[in-house]
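Those letters in the sequence shown? Residues 0 to 273, per numbering that gives the first Met the number 0, in order. Here the structure is laid out as C-alpha coordinates; the discussion comes afterwards.
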Amino acid sequence: MPLPHPRSGAASAALDRIVERPSGALLAFDFDGTLAPIVPDPRDARALPGVTDELAALSSLVGTVAVITGRPAAAAVEYGGLDRIGGVVVLGHYGRERWEDGEITAPGPLPGIDLVRSELPGLLDRAGAPEGTWIEDKEHAVAVHTRRTPAPDTVLAALRAPLAGLAERAGLVVEPGRMVIELRPPGMDKGAALTALADDRGAAAVLYAGDDLGDLAAFDAVASLRERGVPGLTVCSGSDEVAELAERADLVVDGPEGVAGLLASLRAELRSRA
(Lines of atoms letter the chains of each structure in order from A; the text may use other names.)
(Lines give C-alpha, C1' and ligand atoms only; values in the text may rest on other atoms or scores of the structure.)
Protein backbone atom coordinates (compact mmCIF):
# COMPACT_ATOMS: atom_id res chain seq x y z
CA MET A 0 0.00 0.00 0.00
CA PRO A 1 1.56 3.35 -1.03
CA LEU A 2 1.96 6.20 1.39
CA PRO A 3 -0.98 8.65 1.42
CA HIS A 4 -0.79 12.24 0.19
CA PRO A 5 -1.22 14.89 2.92
CA ARG A 6 -3.26 18.02 2.26
CA SER A 7 -0.43 20.55 2.24
CA GLY A 8 3.05 20.95 0.89
CA ALA A 9 4.45 21.44 4.39
CA ALA A 10 2.91 18.16 5.55
CA SER A 11 4.17 16.34 2.45
CA ALA A 12 7.65 17.70 3.17
CA ALA A 13 7.40 16.33 6.72
CA LEU A 14 6.45 12.88 5.47
CA ASP A 15 9.33 13.01 2.98
CA ARG A 16 11.74 13.95 5.80
CA ILE A 17 10.52 11.02 7.91
CA VAL A 18 11.14 8.64 5.02
CA GLU A 19 14.50 10.16 4.08
CA ARG A 20 15.85 10.61 7.63
CA PRO A 21 13.98 8.07 9.77
CA SER A 22 16.65 8.06 12.49
CA GLY A 23 15.64 11.62 13.36
CA ALA A 24 11.88 11.02 13.26
CA LEU A 25 9.55 11.21 16.25
CA LEU A 26 6.27 9.34 15.72
CA ALA A 27 3.77 10.07 18.51
CA PHE A 28 0.26 8.73 19.01
CA ASP A 29 -2.74 9.20 21.24
CA PHE A 30 -4.10 5.91 22.64
CA ASP A 31 -7.92 5.81 22.90
CA GLY A 32 -9.57 6.33 19.53
CA THR A 33 -6.21 6.29 17.74
CA LEU A 34 -4.44 3.05 18.62
CA ALA A 35 -7.46 1.55 20.41
CA PRO A 36 -11.13 1.65 19.35
CA ILE A 37 -13.45 3.71 21.55
CA VAL A 38 -15.55 1.44 23.81
CA PRO A 39 -18.39 2.22 26.29
CA ASP A 40 -16.17 1.53 29.31
CA PRO A 41 -12.58 2.84 28.96
CA ARG A 42 -11.39 0.04 31.23
CA ASP A 43 -12.23 -2.37 28.40
CA ALA A 44 -10.14 -0.52 25.80
CA ARG A 45 -7.39 -2.49 24.12
CA ALA A 46 -5.08 -1.68 21.22
CA LEU A 47 -6.41 -2.70 17.84
CA PRO A 48 -5.04 -6.16 16.98
CA GLY A 49 -1.83 -5.75 15.03
CA VAL A 50 -1.24 -2.06 15.73
CA THR A 51 1.27 -2.70 18.53
CA ASP A 52 3.16 -5.06 16.23
CA GLU A 53 3.35 -2.31 13.61
CA LEU A 54 4.68 0.15 16.19
CA ALA A 55 7.22 -2.42 17.37
CA ALA A 56 8.42 -2.89 13.81
CA LEU A 57 8.66 0.87 13.27
CA SER A 58 10.57 1.38 16.52
CA SER A 59 13.62 -0.27 14.98
CA LEU A 60 13.39 1.93 11.89
CA VAL A 61 12.81 5.43 13.32
CA GLY A 62 14.32 7.54 16.06
CA THR A 63 11.49 7.54 18.60
CA VAL A 64 8.03 6.01 18.95
CA ALA A 65 5.88 7.60 21.66
CA VAL A 66 2.36 7.38 23.04
CA ILE A 67 0.90 10.53 24.62
CA THR A 68 -2.33 9.91 26.50
CA GLY A 69 -4.63 11.27 29.15
CA ARG A 70 -4.61 7.83 30.77
CA PRO A 71 -2.17 6.81 33.49
CA ALA A 72 0.95 5.66 31.69
CA ALA A 73 0.84 2.20 33.27
CA ALA A 74 -2.73 1.66 32.06
CA ALA A 75 -1.82 2.55 28.49
CA VAL A 76 1.17 0.20 28.63
CA GLU A 77 -1.02 -2.63 29.93
CA TYR A 78 -3.99 -2.08 27.60
CA GLY A 79 -1.79 -1.63 24.56
CA GLY A 80 0.93 -4.18 25.25
CA LEU A 81 3.27 -1.23 24.72
CA ASP A 82 6.10 -2.86 26.65
CA ARG A 83 6.64 -4.99 23.52
CA ILE A 84 7.78 -1.88 21.62
CA GLY A 85 11.52 -1.40 21.92
CA GLY A 86 12.49 2.03 23.23
CA VAL A 87 8.92 3.37 23.35
CA VAL A 88 8.21 6.42 25.52
CA VAL A 89 4.73 6.58 27.09
CA LEU A 90 3.66 9.95 28.44
CA GLY A 91 0.59 9.56 30.65
CA HIS A 92 -1.71 12.15 32.19
CA TYR A 93 -0.93 14.50 29.27
CA GLY A 94 2.78 14.25 29.96
CA ARG A 95 2.72 14.45 33.75
CA GLU A 96 3.87 10.81 33.91
CA ARG A 97 6.64 9.21 31.86
CA TRP A 98 7.02 5.46 31.34
CA GLU A 99 10.28 4.32 29.79
CA ASP A 100 12.11 0.99 30.07
CA GLY A 101 9.60 -0.23 32.64
CA GLU A 102 10.06 2.74 34.97
CA ILE A 103 7.53 5.50 35.76
CA THR A 104 8.51 8.99 36.83
CA ALA A 105 5.89 11.51 37.99
CA PRO A 106 5.31 14.24 40.57
CA GLY A 107 2.84 13.62 43.38
CA PRO A 108 -0.91 14.28 42.89
CA LEU A 109 -2.13 17.83 43.54
CA PRO A 110 -4.29 18.40 46.67
CA GLY A 111 -7.15 19.55 44.45
CA ILE A 112 -7.64 15.99 43.23
CA ASP A 113 -8.68 14.95 46.75
CA LEU A 114 -11.20 17.80 46.86
CA VAL A 115 -12.71 16.65 43.58
CA ARG A 116 -12.90 13.05 44.78
CA SER A 117 -14.82 14.07 47.89
CA GLU A 118 -17.21 16.53 46.26
CA LEU A 119 -17.87 15.04 42.85
CA PRO A 120 -20.47 12.39 43.82
CA GLY A 121 -22.62 15.01 45.58
CA LEU A 122 -22.24 17.43 42.68
CA LEU A 123 -23.46 14.82 40.21
CA ASP A 124 -26.46 14.05 42.44
CA ARG A 125 -27.40 17.73 42.71
CA ALA A 126 -27.01 18.16 38.95
CA GLY A 127 -29.39 15.26 38.32
CA ALA A 128 -26.85 13.17 36.45
CA PRO A 129 -28.72 10.09 35.21
CA GLU A 130 -27.87 6.43 35.57
CA GLY A 131 -24.91 5.56 33.38
CA THR A 132 -22.89 8.62 34.42
CA TRP A 133 -19.74 7.36 36.07
CA ILE A 134 -16.52 8.65 37.60
CA GLU A 135 -13.09 7.43 36.52
CA ASP A 136 -10.33 8.06 39.06
CA LYS A 137 -6.99 8.37 37.25
CA GLU A 138 -4.94 9.20 40.39
CA HIS A 139 -3.61 12.47 38.95
CA ALA A 140 -6.97 13.39 37.40
CA VAL A 141 -10.68 12.55 37.64
CA ALA A 142 -12.99 12.08 34.65
CA VAL A 143 -16.78 12.04 34.34
CA HIS A 144 -18.12 9.86 31.52
CA THR A 145 -21.59 10.10 29.96
CA ARG A 146 -21.30 7.63 27.06
CA ARG A 147 -23.47 5.04 28.87
CA THR A 148 -26.32 7.45 29.63
CA PRO A 149 -29.49 7.61 27.49
CA ALA A 150 -28.53 11.06 26.08
CA PRO A 151 -24.74 11.41 26.41
CA ASP A 152 -24.32 14.78 24.70
CA THR A 153 -27.20 16.38 26.61
CA VAL A 154 -25.89 15.12 29.94
CA LEU A 155 -22.39 16.30 29.12
CA ALA A 156 -23.65 19.78 28.27
CA ALA A 157 -25.58 19.99 31.55
CA LEU A 158 -22.50 19.02 33.56
CA ARG A 159 -20.01 21.41 31.94
CA ALA A 160 -20.74 24.43 34.12
CA PRO A 161 -20.85 22.68 37.53
CA LEU A 162 -17.71 20.68 36.72
CA ALA A 163 -15.92 23.83 35.61
CA GLY A 164 -16.86 25.47 38.89
CA LEU A 165 -15.52 22.53 40.89
CA ALA A 166 -12.31 22.50 38.87
CA GLU A 167 -11.76 26.20 39.52
CA ARG A 168 -12.19 25.77 43.28
CA ALA A 169 -9.78 22.82 43.23
CA GLY A 170 -7.11 24.64 41.21
CA LEU A 171 -7.55 22.26 38.29
CA VAL A 172 -8.47 22.68 34.63
CA VAL A 173 -11.21 21.08 32.56
CA GLU A 174 -10.38 18.90 29.55
CA PRO A 175 -13.37 18.06 27.32
CA GLY A 176 -13.42 14.89 25.25
CA ARG A 177 -15.62 12.37 23.50
CA MET A 178 -18.54 12.12 25.97
CA VAL A 179 -16.20 12.81 28.88
CA ILE A 180 -15.05 15.78 30.93
CA GLU A 181 -11.79 15.46 32.81
CA LEU A 182 -10.56 17.56 35.72
CA ARG A 183 -6.77 17.58 35.77
CA PRO A 184 -3.75 19.63 36.90
CA PRO A 185 -2.92 22.78 34.92
CA GLY A 186 0.29 23.47 33.08
CA MET A 187 0.55 20.29 31.05
CA ASP A 188 -1.15 19.20 27.86
CA LYS A 189 -0.32 16.97 24.92
CA GLY A 190 1.21 19.89 23.08
CA ALA A 191 3.64 20.69 25.88
CA ALA A 192 4.43 16.98 26.22
CA LEU A 193 5.10 16.59 22.49
CA THR A 194 7.26 19.71 22.31
CA ALA A 195 9.36 18.67 25.31
CA LEU A 196 9.90 15.19 23.87
CA ALA A 197 10.80 16.59 20.43
CA ASP A 198 13.35 18.90 22.03
CA ASP A 199 14.72 16.14 24.25
CA ARG A 200 15.23 13.80 21.29
CA GLY A 201 16.40 16.49 18.87
CA ALA A 202 13.70 15.42 16.43
CA ALA A 203 14.35 16.21 12.78
CA ALA A 204 10.67 15.57 11.90
CA VAL A 205 7.51 14.88 13.86
CA LEU A 206 4.30 12.97 13.18
CA TYR A 207 1.43 13.16 15.67
CA ALA A 208 -1.83 11.18 15.39
CA GLY A 209 -4.92 11.72 17.56
CA ASP A 210 -8.69 11.65 17.51
CA ASP A 211 -10.11 14.01 20.15
CA LEU A 212 -10.21 17.62 21.31
CA GLY A 213 -7.34 17.02 23.72
CA ASP A 214 -5.15 16.36 20.69
CA LEU A 215 -5.62 19.89 19.33
CA ALA A 216 -2.84 21.09 21.64
CA ALA A 217 -0.51 18.56 20.02
CA PHE A 218 -1.59 19.79 16.57
CA ASP A 219 -0.73 23.32 17.71
CA ALA A 220 2.66 22.05 18.88
CA VAL A 221 3.34 20.55 15.46
CA ALA A 222 2.54 23.93 13.89
CA SER A 223 4.93 25.66 16.31
CA LEU A 224 7.67 23.13 15.58
CA ARG A 225 7.25 23.82 11.88
CA GLU A 226 7.84 27.52 12.56
CA ARG A 227 11.08 26.50 14.27
CA GLY A 228 12.17 24.54 11.20
CA VAL A 229 11.12 21.04 12.32
CA PRO A 230 8.86 19.48 9.64
CA GLY A 231 5.63 18.13 11.10
CA LEU A 232 2.61 16.09 10.04
CA THR A 233 -0.73 15.84 11.89
CA VAL A 234 -2.99 12.82 11.45
CA CYS A 235 -6.62 12.51 12.53
CA SER A 236 -8.02 9.11 13.42
CA GLY A 237 -11.40 10.04 12.01
CA SER A 238 -14.82 9.45 13.53
CA ASP A 239 -18.28 11.00 13.35
CA GLU A 240 -17.89 12.45 16.87
CA VAL A 241 -15.11 15.06 16.53
CA ALA A 242 -15.17 17.09 13.31
CA GLU A 243 -12.85 19.87 14.51
CA LEU A 244 -9.78 17.66 14.60
CA ALA A 245 -10.40 16.36 11.07
CA GLU A 246 -10.68 19.93 9.80
CA ARG A 247 -7.27 20.76 11.29
CA ALA A 248 -5.42 17.59 10.29
CA ASP A 249 -2.96 17.25 7.42
CA LEU A 250 -4.17 13.71 6.89
CA VAL A 251 -7.41 11.95 7.91
CA VAL A 252 -7.59 8.17 8.18
CA ASP A 253 -10.48 5.88 9.06
CA GLY A 254 -10.15 5.36 12.82
CA PRO A 255 -7.61 3.01 14.44
CA GLU A 256 -7.84 0.71 11.41
CA GLY A 257 -6.70 3.60 9.23
CA VAL A 258 -3.87 4.39 11.66
CA ALA A 259 -2.73 0.75 11.47
CA GLY A 260 -2.81 0.95 7.67
CA LEU A 261 -0.73 4.13 7.72
CA LEU A 262 1.83 2.48 9.99
CA ALA A 263 2.03 -0.55 7.71
CA SER A 264 2.57 1.66 4.66
CA LEU A 265 5.28 3.66 6.42
CA ARG A 266 7.00 0.49 7.62
CA ALA A 267 6.98 -0.97 4.11
CA GLU A 268 8.38 2.23 2.63
CA LEU A 269 11.18 2.46 5.18
CA ARG A 270 12.15 -1.17 4.75
CA SER A 271 12.20 -0.76 0.96
CA ARG A 272 14.80 1.99 1.38
CA ALA A 273 16.91 0.25 4.02
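Glycine included, every Cβ here is placed at the ideal spot set by N, Cα and C. Keep in mind the model is a prediction, meaning the values are calculated, not measured.
Sorted by chain position, which residues of the same chain lie with C-beta nearer than 6 angstroms to residue i's C-beta, five sequence neighbours on each side aside?
| i | result |
| --- | --- |
| Asp113 | none |
| Val50 | Leu34 and Ala259 |
| His4 | none |
Please report the distance separating the alpha-carbon of residue i from that of residue j.
| i | j | result |
| --- | --- | --- |
| Ala169 | Arg116 | 10 angstroms |
| Asp124 | Pro175 | 20 angstroms |
| Gly231 | Ala204 | 6 angstroms |
| Asp199 | Thr33 | 24 angstroms |
| Ala166 | Leu155 | 15 angstroms |
| Asp31 | Asp152 | 19 angstroms |
| Pro39 | Arg146 | 6 angstroms |
| Ala220 | Asp136 | 28 angstroms |
| Pro21 | Leu269 | 8 angstroms |
| Val251 | Val234 | 6 angstroms |
Report, in whole angstroms, the separation of the C-beta atoms of residue i and residue j, which I expect to be a contact under 8 angstroms.
| i | j | result |
| --- | --- | --- |
| Ser59 | Gly23 | The pair is not a contact, with the Cβ atoms about 15 angstroms apart (cut-off 8 angstroms). |
| Pro71 | Glu181 | About 12 angstroms separates the two Cβ atoms, so there is no contact after all. |
| Asp29 | Asp210 | 6 angstroms |
| Ala27 | Leu193 | 6 angstroms |
| Leu224 | Ala197 | 6 angstroms |
Please classify residue i as buried or exposed, where buried requires at least 16 neighbouring CB atoms within 10 angstroms.
| i | result |
| --- | --- |
| Thr132 | buried |
| Ala128 | buried |
| Ala150 | exposed |
Can you give me the Cβ contacts of residue i inside the same chain, cut-off strictly under 8 angstroms, excluding the 5 residues immediately before and after it?
| i | result |
| --- | --- |
| Glu53 | Ala259, Leu262, Ala263 and Arg266 |
| Val76 | Asp82, Val89 and Trp98 |
| Pro106 | Arg95 |
Looking only at its own chain, which residues have a Cβ that is under 7 angstroms from the Cβ of residue i, when we skip the five neighbours before and after it?
| i | result |
| --- | --- |
| Gly111 | Ala169, Gly170 and Leu171 |
| Ala12 | Pro230 |
Taking C-alpha atoms, which residue in the options lies nearest to residue i?
| i | options | result |
| --- | --- | --- |
| Gly237 | Pro108, Ser223 and Arg177 | Arg177 |
| Glu130 | Asp136, Glu118 and Val143 | Val143 |
| Pro161 | Pro48, Leu122, Leu2 and Gly8 | Leu122 |
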